[in-house]
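Asks:
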Amino acid sequence: MLAVIALIAVVLLFAGFEMFLVLGGPTLLIKASFYPSIPNPVIIQKLVGGINHTTLLAIPFFILAAHLMGSGQIAKQLTNCVRLLIGRTPGGVGHTVVGGSMAFGSVSGSAPATVAAMGGMLYPEMRKSGFSEKFSLGLIVSSAETALLIPPSITFIIYGWITGTSIAKLFAGGIAVGLFLGLAFSVMVWLEARLKGIAPNEKTSFREKWEGIRSAGWALGMPVIILGGIYSGFFTPTEAAAASVVYAVFVEAVVYREFTWKKLFDVVEKSAVATAIIFVLLAVGGLLSFFVTLGQVPTHITNFLHAANAGLITFLIFVNICFLIAGMFIDPNSAQLLLVPPLFPVAQALGVDPVHFGMIVTLNISLGMITPPFGLDIFVAASTLGKPVMTIIKGVWPFVVVNILVLLVVTYVPGLSMFIPNLIFN
417 MLAVIALIAV VLLFAGFEMF LVLGGPTLLI KASFYPSIPN PVIIQKLVGG
467 INHTTLLAIP FFILAAHLMG SGQIAKQLTN CVRLLIGRTP GGVGHTVVGG
517 SMAFGSVSGS APATVAAMGG MLYPEMRKSG FSEKFSLGLI VSSAETALLI
567 PPSITFIIYG WITGTSIAKL FAGGIAVGLF LGLAFSVMVW LEARLKGIAP
617 NEKTSFREKW EGIRSAGWAL GMPVIILGGI YSGFFTPTEA AAASVVYAVF
667 VEAVVYREFT WKKLFDVVEK SAVATAIIFV LLAVGGLLSF FVTLGQVPTH
717 ITNFLHAANA GLITFLIFVN ICFLIAGMFI DPNSAQLLLV PPLFPVAQAL
767 GVDPVHFGMI VTLNISLGMI TPPFGLDIFV AASTLGKPVM TIIKGVWPFV
817 VVNILVLLVV TYVPGLSMFI PNLIFN
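Note that our numbering has the sequence shown beginning at 417, numbered continuously upward.
See below:
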């Protein structure tokens, strides 16, 4: 019966059904087949009660803040500041893409929003500077992954909600992992620039750099408020998310005078739709997690690993393969909701720190967003830049390889993920 239900889920997925149906339909079939004695009102309680959590309030606030900044001047000011600070680094525009993605990620937490913002602003400049079309597209799509790792990150918030892990510690761990991934992409840019003989950026004076920093002062205030507020203990992550919305509205409407009431309404409407999609998934995912726990799936996995004499290394390989395959076909939130509940207890039993496991999960999800055939960021780039999907896929492959190498380091060198959390909280 389980095999039949799994087959139904696969058929729904490839038939193009919405993910809440792909997850929800088989979940209800599990209930009907194995737990018919559970009253139907319990299902409603699990759907609604699962998302009745104050931690999740951070998600709509960060989504709204991301859309406000992407539609206004904050994203442009941050990117311009990064461009001026790069100076005469070989392949400067490419480094600006990486740095700009990390800067925008530090105030948005959304990879698709980062692809749209960086692609629209910097793709033409990369082509003018001499980078090939494939490399330019691959870099823009791949660099957006850092938005899921550099805090704030909606992915970390969902992981923290599922597992009960401190979101502040996850944010701290994401700083080192995000910087490490960005550094790997910058090395690729440097190598490409040297091979193609791409000229450095024009030299900028100290005065020009200072003027760029001064002009971006209001934009730079956003990560200071979010991260400074959280790690000083002044804000919880949820409160920091709410403060980021207030700050973004003030800066865009009052300082930059970018927003009219109509534009603000359109941004809020777009954010509300994105929030509703995520919360419907979270509700269904919470119900699925209930049945995963009820069926003692983590215990069965642990017993299987013991019976096969499989240790920690084998388990982490298994985790990476599962998330890599899932990321190829479903969105990152669904991948977490499907795989984290059964795998997280096993990781704890094997002694993996929850923050370290969160870095592994999030980096896998980031990789899935740029991996064919259904990597979400690939299609966002195709829509934003008007490029064929196959052209983007060809450009992404070298970055997928580098990403896998980074994933292996993060997986088997836990000190990289735990250095900053231990520094701050211990």
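Glycine included, each C-beta is placed from N, C-alpha and C at the ideal position.
Give me, in chain order, the residues of the same chain whose beta-carbon lies closer than 8 Å to that of GLY767; leave out the 5 immediate sequence neighbours on both sides.
Replies: Counting only Cβ-Cβ distances below 8 Å, and skipping sequence neighbours, we find LEU728.
Asks: Could you give the distance in angstroms between the alpha-carbon of LEU792 and the alpha-carbon of ALA659?
Replies: About 29 Å.
Asks: Between the alpha carbons of VAL523 and HIS483, how many angstroms are there, rounded?
Replies: Approximately 10 Å, taken between the alpha carbons.
Asks: Which same chain residues end up closer than 6 Å to THR827 when comparing Cβ atoms and leaving out the 5 residues on each side of it in sequence?
Replies: Around THR827: LEU732 and ILE776.
Asks: Could you please give the first and the last residue of the uninterrupted alpha helix (DSSP H) stretch that includes ARG610?
Replies: First-last of the alpha helix (DSSP H) with ARG610: 583 to 612.
Asks: Where PHE477 and VAL661 are concerned, what is the direct C-alpha to C-alpha distance, given to the nearest angstrom?
Replies: Cα-Cα distance, rounded: 6 Å.
Asks: What's the call for PRO758, buried or exposed, on a 16-neighbour Cβ count within 10 Å?
Replies: Per the 10 Å Cβ criterion, buried.
Asks: Please name the residue in LEU783, HIS469 and ALA419 whose C-alpha comes closest to that of ALA742.
Replies: Of the candidates LEU783, HIS469 and ALA419, the one whose C-alpha sits nearest the C-alpha of ALA742 is LEU783.
Asks: Mind checking ASN736: buried by the 16 CB within 10 Å criterion, or exposed?
Replies: Looking at its Cβ environment, which holds 16 or more other Cβ atoms inside 10 Å, ASN736 is buried.
Asks: How many angstroms separate the CA atom of ASN749 from the CA atom of LEU698?
Replies: Cα-Cα distance, rounded: 8 Å.
Asks: How big is the Cα-Cα spacing for MET542 and GLY510?
Replies: Approximately 7 Å, taken between the alpha carbons.
Asks: Report the three-state DSSP secondary structure of ASN842 (helix, strand or coil).
Replies: Correct three-state label for ASN842: coil.
Asks: Okay, do the region 505 to 519 and the region 530 to 538 touch, 3+ Cβ pairs below 8 Å being the bar?
Replies: Result yes; three or more Cβ-Cβ pairs closer than 8 Å.
Asks: Taking the alpha carbon of ALA781 as the point to measure from, which residue in TRP813, MET485, LEU740 and HIS772 has its own alpha carbon closest?
Replies: The sequence given here places Ile at residue 781; Ala does not occur at that position. It is LEU740 whose Cα lies nearest to the Cα of ILE781.
Asks: Who are the Cβ neighbours of ALA491 in its own chain at under 7 Å, not counting the five residues just before and after it?
Replies: Result list for ALA491: MET485, PHE520 and ALA533, in chain order.
Asks: Answer yes or no: do GLU608 and GLY507 have a C-beta to C-beta separation smaller than 8 Å?
Replies: The answer is yes: Cβ separation under 8 Å.
Asks: Taking DSSP as the reference, what is the three-state secondary structure of ALA724?
Replies: Of the three classes helix, strand and coil, the one that applies to ALA724 here is coil, per DSSP.
Asks: Out of curiosity, what's the CA-to-CA distance linking ILE840 and THR571?
Replies: If you take the alpha carbons of ILE840 and THR571, they lie about 21 Å apart.
Asks: Is THR495 buried or exposed, if buried means 16 or more other CB atoms sit within 10 Å of its CB?
Replies: It is buried - the Cβ of THR495 has at least 16 other Cβ atoms within 10 Å.
Asks: Do you know offhand how far GLY633's Cα is from SER569's?
Replies: The straight-line gap from Cα to Cα measures roughly 22 Å.
Asks: Helix or strand or just coil, what does DSSP make of HIS469?
Replies: It is coil, neither helix nor strand.
Asks: What did DSSP end up calling GLN747 once you bin it into helix, strand or coil?
Replies: According to the sequence provided, residue 747 is Asp. The question's Gln does not apply to it. Here ASP747 sits in coil by DSSP.
Asks: GLN489: buried (16+ other C-beta within 10 angstroms of its C-beta) or exposed?
Replies: Classification of GLN489: buried, given that the 10 Å Cβ count is 16 or more.
Asks: Rounded to a whole number of angstroms, what is the C-alpha to C-alpha distance between GLU674 and ILE717?
Replies: Taking the straight line joining both Cα atoms gives about 53 Å.
Asks: If you check the beta carbons only, do LEU553 and ILE808 fall under 8 Å apart?
Replies: Yes. Within cutoff.
Asks: Closest to PHE706 by C-alpha separation, out of ILE459, VAL817, MET638 and GLY546, would be which residue?
Replies: Ranking ILE459, VAL817, MET638 and GLY546 by Cα distance to PHE706 puts ILE459 first.
Asks: For VAL700 and SER558, what's the separation of their Cα atoms in angstroms?
Replies: For VAL700 and SER558, the distance between alpha carbons rounds to 29 Å.
Asks: Put PRO452 into one of helix, strand or coil per three-state DSSP.
Replies: Here PRO452 sits in coil by DSSP.
Asks: Would you kindly report the start and end of the unbroken alpha helix (DSSP H) that includes PRO788?
Replies: From DSSP, PRO788 is part of no alpha helix (DSSP H); its letter is neither H nor E.
Asks: Suppose you measure from the CA of ILE573 to the CA of GLY613; what does that come to, to the nearest Å?
Replies: If I take the Cα positions, the gap works out to 42 Å.
Asks: Less than 8 Å between the CB atoms is what I'm expecting for PRO639 and ILE646, so what's the real figure, rounded?
Replies: Not really, about 11 Å apart at Cβ, beyond 8 Å.
Asks: Roughly how many angstroms lie between the CA atoms of PHE651 and VAL420, to the nearest whole one?
Replies: Roughly 48 Å between the two C-alpha positions.
Asks: Taking a contact to mean a Cβ-Cβ separation below 8 Å, would you say PHE681 touches LEU832 in this structure?
Replies: Against a cut-off of 8 Å, the Cβ pair of LEU832 and PHE681 comes out as no contact.
Asks: Going by the CB atoms, is the gap between LEU538 and LYS625 shorter than 8 Å?
Replies: Going by C-beta atoms, LYS625 is not nearer than 8 Å to LEU538.
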